[in-house]
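Down below is the structure, laid out as structure tokens.
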Amino acid sequence: MFKIFYISFRLKISYRVNTILYSLKQLPFIKKLLPASLYASKTLKRFALLLAILMEIISIPLFKGLYLFVMILLPILLTNTSANLIPQAFLHILLFLTIAGSLSNNTIFSPSKDKYYAIIQMRMNARNFTLVNYVYEMAKIFAGMALCLIPLCVIFHLPYIFIIWIPVMVIAWKTVFGAWSLRQYETKHILRNESSPVKYVWFTIAATYLLAYAGIFIKQYLPLFLSYLLGTFMMILGIFAYAYMRKFPLYRAMYQQLLSQSTSAINVSMQNITNDAYRKNISNDTGISSDKKGYAYFHDLFIKRHQKLLWYSAKKTAVITFVIFVIACAALITIPQAKEPINHLLLVFLPYFVFIIYSCHSGKSVVQAMFRNCDHSMLTYSFYRRPDVILSLFRLRLFDVIRINLLPASIIAIGLPILLYISGGTSNPLTYLVIFICIIATSTFFSIHFLTCYYLLQPYNEATETKSSLYSIVMSLTYLICFGFIYLKMDTFIFGTIMIIFCILYTIVSMTLVYRMAYKTFKLRR
């Protein structure tokens, strides 16, 4: 077993080293300083190896610490939960988030490249490889959580039993759900894939997040003894679940099927990526036409043929948003005591909706559809990358991306002022207008942002795989900044005005950058 772990760990680190070297070659300015024979450079490889090992070590407590603090402790502190309820609230939120994590994040069912290289190409024993790496990942969870819980227990007076009990409980939940998924595959041939979870998984995750955080606002949590009882029960089940995992006979067959589905593990063609479900959303009606001319005609045909694909997410989000606002309005009318706290939230928590709009925005998927069904072919022609052509199509596409995403955004923009009025209103009537314009401007900003990043950093190769480290960094920073707005409290009128001005300036800058630089950057990655 140790030999298998040693080989698999070296394989993972080697892949990470090559990823780091590739990422360095993609960064502006830095790539010019690196030699063409980068992968043969022993000095750079040693540096990348040291960096990869440090990343592995640092990530163990870092990510778990951020998870425990940002996802659990910080919401409790921001809602002014009394000190005697903090342990109860902490365990309540953690328990439901653990259920969500067990459904959505299990290393066994992640179709990663190291599994492909080890199991498929190197023909390693699939069961031994899986179990060794699973134990290693669970050991990282235990070590990371235990190390982070020590200072949290001291500072916030949490029970010291949390230091050991919580990591073991989390591991037990993951093991039970992992064994259950293996059983589903063995008996019903239902394959779990972390890269493409099914609808019931998303529904369950949404429900557990709601149950986790709803308690903060109504100040009702699972009793400590019930959380302990449920966690201990799962620990007992976890023992039997791990025993089943050790005896599971179909690891190789499962991974052959799992990895063959994964575009991240196997180099597949565009025809395989654009699967049947995807193609069904593209119209084959030969009667589709347009009265426009030039590139406007070309773009209009694309939008009409892909209308169902481009609008599906926006329409679904709009319906869900509308239903939520109707329920919220009805609740405020029937429960008058809820008006004051809701009014206070609406007057200081407008920054929160930056993250909500970001989460609902379909800009990233829309530009990916543009690449899959248009640009991956057209970028082979030099005329398609002329500055005038690029700017012309950029403007046309920007208009449609904005229009698509304004459907759900307009419901939020109308719904928030209505909720504010029903909950008690505000002394400054301009606040209603600022909220409306701010939501529209924020949605417009994300439309511009995603399209600008696509043109300036074009990240995809012919297989629609993301091959730009800079693009990944920008997308990660976008997420982190938007997530940070959750914890920003600012007067609605002031924040809305700032966002409106920022969006106008960003539009001007992005149009200038696209015109001046996109003809160099908007190209296929190899």
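Residue numbering for the sequence shown is 10 to 535, as defined by this note's numbering. Heads up, the beta-carbon is just placed ideally off N, CA and C, and yes, glycines get one too.
Classified as buried, T326 has 16 or more neighbouring CB atoms from the shown chains inside 10 Å of its CB. A Cβ-Cβ contact shorter than 8 Å links L405 with A305. Judged by DSSP in its simplified three-state form, N470 adopts strand. Annotation note: the region 406-471 contains the following uninterrupted alpha helix (DSSP H) runs of length 4 or greater, listed N- to C-terminal: 439-466.
Annotation: the continuous alpha helix (DSSP H) that includes N352 extends over 348-357. Under the 8 Å Cβ criterion, the region 139-156 counts as touching the region 52-72, having at least three qualifying pairs. Taking the Cα positions, G372 is about 33 Å away from Y264.
Taking the Cα positions, S386 is about 25 Å away from S322. Looking at L235, L359, P417, the one whose alpha-carbon comes closest to that of G493 is L359.
Between L220 and Q97 a beta carbon distance of about 14 Å is seen, past the 8 Å cut, so the two are scored as non-contacting.
Nearest to I510 by C-alpha distance, out of M80, L140, C447, is C447. Under the three-state reduction of DSSP output, R132 falls in the coil class, being neither helix nor strand. R534 has N470 as its beta-bridge partners, per DSSP. Rounded to whole angstroms, the Cβ separation of C162 and I172 is 6 Å, and the two are in contact under 8 Å.
Under the three-pair Cβ rule at 8 Å, the region 396-403 does not count as touching the region 430-437.
In this chain, the alpha helix (DSSP H) harbouring P84 covers 83-87. A direct Cα-Cα distance of roughly 56 Å separates S91 from M131. Counting only residues of its own chain and dropping the five nearest sequence neighbours on each side, L425 has a CB closer than 6 Å to the CB of I444. In this structure, T241 lies away from I366, with their beta-carbon atoms at least 8 Å apart. Judged by DSSP secondary structure, D500 falls outside any alpha helix (DSSP H); it is assigned neither H nor E. DSSP lists Y469 as the bridge partner or partners of T475. Rounded to the nearest angstrom, the Cβ distance from F14 to Y126 is 15 Å, too far for a contact under 8 Å.
Not a single unbroken stretch of the beta strand (DSSP E) spanning 3 or more residues falls wholly within the region 201-257. The closest CA to that of S436, considering only L486, G303, D500, is found on D500. The Cβ neighbour count for R19, taken over all protein chains shown within 10 Å, is under 16; the residue is labelled exposed. Contact annotation: W211 and I108 have beta-carbon atoms that are not nearer than 8 Å.
The beta carbon of I199 is closer than 6 Å to those of Q193 in its chain, skipping five residues each way along the sequence. Remark: C-beta atoms of V410 and L460 approach each other more closely than 8 Å. For Y367, the secondary structure class from DSSP, reduced to helix, strand or coil, is helix. Around the beta carbon of S485, a 10 Å sphere encloses fewer than 16 other beta carbons of the protein chains shown; the residue is thus reported as exposed. Spanning the alpha carbons of L238 and L231 requires a straight line of approximately 11 Å. For V357, same chain residues with a beta-carbon under 8 Å away, outside a window of 5 residues either side, are K498, M499, D500, T501 in chain order.
Between I128 and F99, the C-beta spacing is not below 8 Å.
Where I173 is concerned, the enclosing alpha helix (DSSP H) starts and stops at 171-197. A252 sits away from V185, with the two beta carbons spaced by 8 Å or more. A check of alpha carbon separations from S113 across L87, F165, S190, I333 identifies S190 as the nearest.
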